[in-house]
Amino acid sequence: MHEPIFAACLRGAAAVLSLTRTTLDDAGTRRGKDAPLAYPDTAYELPVAFGLTDLRVATLADAGKVLDLAGTLVRDGATAENALDAGAATLLAADVLGALSHEKGNPYPPPAVGFVPDSTLRKLGIYLVDGSVPGVAVLIGKATDPAAAAAMVRQFQEIGLLVFLAGDVVAQLDAQGVKLGEDFKTFPLGPLPAVIHAVNFAVRAGLTFGGIGRGQGAAMLAYLANRVKAFVCALGPLDDIALAIAAGAMKAGLTVLSDQPVPEIPGLLLSRPAGDGMVQAGMEARGIKVKMVKVPIPIAFGPAFEGERIRKSDTHIEFGGGRSVAYELVRSAPPEEVTDREIVVDGPDLGKLPVGSVLPLGIVVRVAGARMQHDFESVLERRIHRIVNYGEGTMHVAQRDTTWIRVSTEAVEKGFSLGDLGLMLYAKLHADFENIVDKVSVSITTRLEDVEAGLAGARAAYAERDARARTLTDDAVSEFYSCTLCQSFAPNHVCIVSPERLGLCGAINWLDGKAGFEITPTGPNQPVLKGTVLDAVKGAFDGVNAFVRENSRNTVTEMNLYSIMEAPMTSCGCFECVLAIIPEANGVMAVNREFTGQETPCGMGFSTLAGSVGGGVQTPGFMGVGKHYLLSKKFLGAEGGLARVVWMTREMKEYLGAPLRERAAEIGMPDLVDQIADETVAVTPDALVEHLAKVGHPALKLPPLL
Amino acid sequence: MSVTLPIPVFPGRILEVTLPAGPGGTPVTVGGQNALPLLPEGEHPNAPAVGMEVPTGTLELPAALAAAIGPFAGDPVAMARKCAGDWGARFLFLSLAGCHPDGGGLSVSEGAAVVREVLSATPAPVIIGGCGDEEVDALLFPAVAEAAGRPVFLSYAEEKNHRLVAGAALAYGHGVVAWSPIDINMAKQMNLLLADLGFPPDRVLIDPLTGGLGYGMEYTFTIVERIRIAGLSGDAALARPILCHLGDAWKAREATDASEEAWGDVGARGPRWEETTGLACLGAGADLLVCRHPSSVARLAGAAWR
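Chains as they are written, first to last, in the working numbering: chain A, 1 to 706; chain B, 1001 to 1306.
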């Protein structure tokens, strides 16, 4: 169904080529073949030829060679490939035509500016690199409704896009009173063919800012496609020439949006009515995002307030925490189902309620993004805790359907509303997950029946997520993630985070690592291919070994994921608890960071043990781990698993609670948790062994550790 | 009996970076080594270079500095000529701290004018430092990049503003100093981020943040040493020349407090403090030192034998 369009592109390209050839020949006759040909104020000759071909153009004769080359790109046959190449030919020819027309400077009457000089490119280019100009919009053709076109350009200007205009829209917008010119980053180039100056601007951006040299055509096309976030809005009927130019834009990976019923090519050619829908579609197709610099809410908002507690007496209103039904949920959805920045509050809001109110609450955040994955929902959802705590006068505890939120009287007096809460979530999720989130909407309800209805759905989502988490096993995935965040103080330490062994700090699990890599591809979380399984029980993988070797700068050459005795994982210093061998008891003890006592069966308290464990060195028999690792099926696989744990602080036993008992039951030792000693039972090896013998702890029957 | 010394052979080599000079000036090239500093082994094609800071704006100079550079306060052009001339600085670090709202409040265009004047007054290689105020620097770097008629280095690009500074440098062909707060990961990430923007690696210097003696110098020492060992060990993103700005040495009370007579002549203490900080940086692996006192230039240059 695209053939007619492709055929039109070929006809258009031929028309532009022939027009250019005629114009060039005329100029040659008039001025001589060796007469100079150049745009004013540029170091890049004819930029399109400079960027895409290795032809040097200084004279009219040189330009002839560019046309010869362009001619070879226009081939018979209405295929996509031929159409795109014809598009490239059109751009090459149009740039020659553009340069010819600038023999005596800008050929167009005001407000049209013609060719945009390098000096302007440099100034504006900085802001394109910087991201403060988030993208480029090119508006061409003739608007059916000039007011709608004017609204689009004003929208571009508000977003801060760089705008190029070509065709009848220039006069139409001028008549509509749209502000034009460099101060508004809006360049009325001239009639339709002058759109080439948007193209040669983009090409020069690649030459100046992309480190691309003359004639590196493939690199230039890649730069235009990946770095220059530009889209073309074509208004009005598309003739052959307009289509040929559009094909050129598509060849460079740009998205072309037409208000005509054209057959779509996903990502490249879209049909949308002129107006907001076209703007949104263009920005979305090119991944242009608008940053919120300051969150417009009546309370202060930032990490400084994270630790703030709101006491009962200062609380204006609270939600959840056992006092009412409340939940929070992050769901990903296809982009067409999420309206960015849509914040809906349904039900009673804060200002109208008396001090001491308790209300039900349902928070549903919907996110969409090309790189968003269902797996990241939990990562974003956990961030709600921190974001709400960032507010001065808002406090958040727990998660999911146990969430508990308090808002202080002071915040409510300042005018804080639930809509502001939504805005906080909106802005911060965008900022923190910039690379994976394109759209965020928040819906908040405080009506009991709605919350209850939503809760049922949320619980189904949590259950689905938990089921998925259970299928995420070390055996099932092909890559783990590294965390080298702590190398700033433990230079050779590398954490390997697998689905069944979370980071020793307890703060990073495998999904966090995965999301972390998507968010900052150059950051501390890198994928680590497992490679060949060298020993499934010990957790030895040649891919892990290679990664650790390289990133520990050869100080750690082997690392077994599930062993404490043989090449154990190193520790930085952030571990939640320390495991230490008790040779007499043929087992290990676990002591958590919060434990302040100095008396443990190994003779050392947490802080003394920590000193011998940290710093990125392997110390067989000693290891820092995250608390939840004790619940893992891969916990100390090499040494017999949970049955090896002979001593654990009371606090840890309580913290791990029911899941620890479940895990013990799972391995057929339902009494294990009670058999494990704590500081109230034994603090010396002798007393410990005596206790273990008395209760029949399984560790005594395991093979010797040493 | 003979003893064979265990001489390490590193697989990596530090990238050579050149600070270009104006017509008639001498460019400064650093890097290119494949061994640790101040040791006889390995190749060290370029000795570390010592430069001087040219300040702008309101200055509250400690006694020792007032005596040495006081006469040039408020005249960056004369100061630049003196530094690059009599005092032997191989490059200049033109600090636009005067554009900070609290540091003199020069306007962005006045700052740019200072850059133009200094660059035309001396052909020495120049690094231009921002004022440290985020909002002002966001305008200052593009303006300075445009005003500088010959290639300079812009200092500094950090994680937050690296796109802007790198963009300004790319637009006009300058280099950048990539700053990180005593953090080897961030030092590496800065270089990866710049590479990701397509910034040429041979136009980047690492500034690891230099603490003065008694005020964090040991942290800097360790980070510089580790960056260098990582670079020599083959981590290309860290195999870059390192710049240490010794200005922090002048924040130490021991360097500037005249009331403590028992500590000796304050006029000598300050320069000694700066030199000691600089010597430690050289020992750790710094390739470029920026000092404030003229006497430090000769002494540190003498120590930087390879």
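Here a beta-carbon is modelled for each residue, glycine too, at the ideal position from N, C-alpha and C.
Would you mind stating whether V1017(B) and L1205(B) have Cβ atoms separated by less than 8 Å?
yes
By a C-beta neighbour count over all protein chains shown, 10 Å radius and 16 as the cutoff for buried, is Q598(A) buried or exposed?
exposed
Here's the rule I'm using: 16 or more other beta-carbon atoms within 10 Å means buried, otherwise exposed. How should I789(A) be labelled?
Given a span of 1 to 706 for chain A in the structure shown, any question on residue 789(A) remains unanswerable.
Contact belief for A1166(B) with V133(A) at Cβ below 8 Å, rounded distance in angstroms:
Contact doesn't hold; Cβ gap of about 15 Å is too wide.
Output yes if chain A places a C-beta closer than 8 Å to the C-beta of D1207(B); else output no.
no
Boundaries of the alpha helix (DSSP H) in which P4(A) is found, first to last residue:
3-31
Chain-order list of residues whose beta-carbon lies under 7 Å from that of V116(A) (same chain, five-residue window excluded):
F187, H197, F201
If you measure from the beta carbon of L1015(B) to each beta carbon in chain A, is any gap under 8 Å?
no
At 3 residues or longer, what runs of the beta strand (DSSP E) sit wholly inside the segment 360-386 of chain A?
361-368
Does the beta-carbon distance from D346(A) to R447(A) come in below 8 Å?
yes
Does the count of Cβ pairs from the segment 1081-1095 of chain B and the segment 1032-1050 of chain B closer than 8 Å reach three?
yes
Which same chain residues, not among the five before or five after T53(A), have their C-beta less than 8 Å away from its C-beta?
V66, L69, L92, G215, G217
Between which two residues does the alpha helix (DSSP H) containing A1080(B) stretch?
1076-1084
Cβ shell of H1245(B) (< 6 Å), same chain only, five flanking positions each side left out
T1210, V1290
Go ahead and label T90(A) buried or exposed: buried means 16 or more other beta carbons lie within 10 angstroms of its beta carbon, across all protein chains shown.
buried
Please classify N435(A): does DSSP put it in a helix, a strand, or coil?
coil
Alpha helix (DSSP H) runs wholly inside the segment 93-133 of chain A, at least 4 long, in chain order
118-130
When the Cα of P1023(B) is compared with those of P1071(B), P1151(B), I1069(B), which residue comes out closest?
P1151(B)
Helix or strand or just coil, what does DSSP make of F595(A)?
coil
Using 8 Å as the threshold, is the C-beta distance between M1186(B) and T1277(B) below it?
no
Over what stretch of residues does the beta strand (DSSP E) that includes Y1308(B) continue unbroken?
Beyond the ends of chain B as shown, which are 1001 and 1306, falls residue 1308(B); an answer cannot be given.
Any contact of the segment 475-495 of chain A with the segment 423-435 of chain A, i.e. 3+ C-beta pairs under 8 Å?
no
Taking buried to mean at least 16 other C-beta atoms within 10 Å of its own C-beta, is V338(A) buried or exposed?
buried
Could you check what DSSP says for T409(A) in three-state terms: helix, strand or coil?
helix
Short Cβ contact (8 Å threshold) for C1099(B) with V1136(B):
yes
Please state if the CB of F622(A) and the CB of V578(A) are separated by a distance shorter than 8 Å.
yes
Continuous alpha helix (DSSP H) assignments of at least 4 residues falling wholly in the segment 570-630 of chain A
606-613
Under a Cβ-count criterion, where at least 16 other Cβ atoms within 10 Å of its own Cβ denotes burial, should T22(A) be classed as buried or exposed?
exposed
Buried or exposed: where does H374(A) fall if 16 or more other Cβ atoms within 10 Å of its Cβ makes it buried?
exposed
Could you name each continuous alpha helix (DSSP H) segment of 4 residues or more that falls completely within the segment 25-79 of chain A, going from the start of the chain to the end?
47-52, 60-73
Using a beta-carbon distance below 8 Å, is K123(A) in contact with chain B?
yes
Within the segment 1124-1198 of chain B, note down every full beta strand (DSSP E) run reaching 3 residues or more, in order along the chain.
1126-1129, 1153-1157, 1175-1179
Would you say Q487(A) reaches chain B, if we count a Cβ-Cβ gap shorter than 8 Å as a contact?
yes
Please check the pair L207(A) and C233(A), which I expect to be a contact at CB under 8 Å, by giving their CB distance rounded to whole angstroms.
Contact doesn't hold; Cβ gap of about 25 Å is too wide.
I126(A) at chain B interface by Cβ criterion, 8 Å:
yes
Own chain residues within Cβ distance below 7 Å of S408(A), not counting five before or after:
I310, D314, T315, H316, G393
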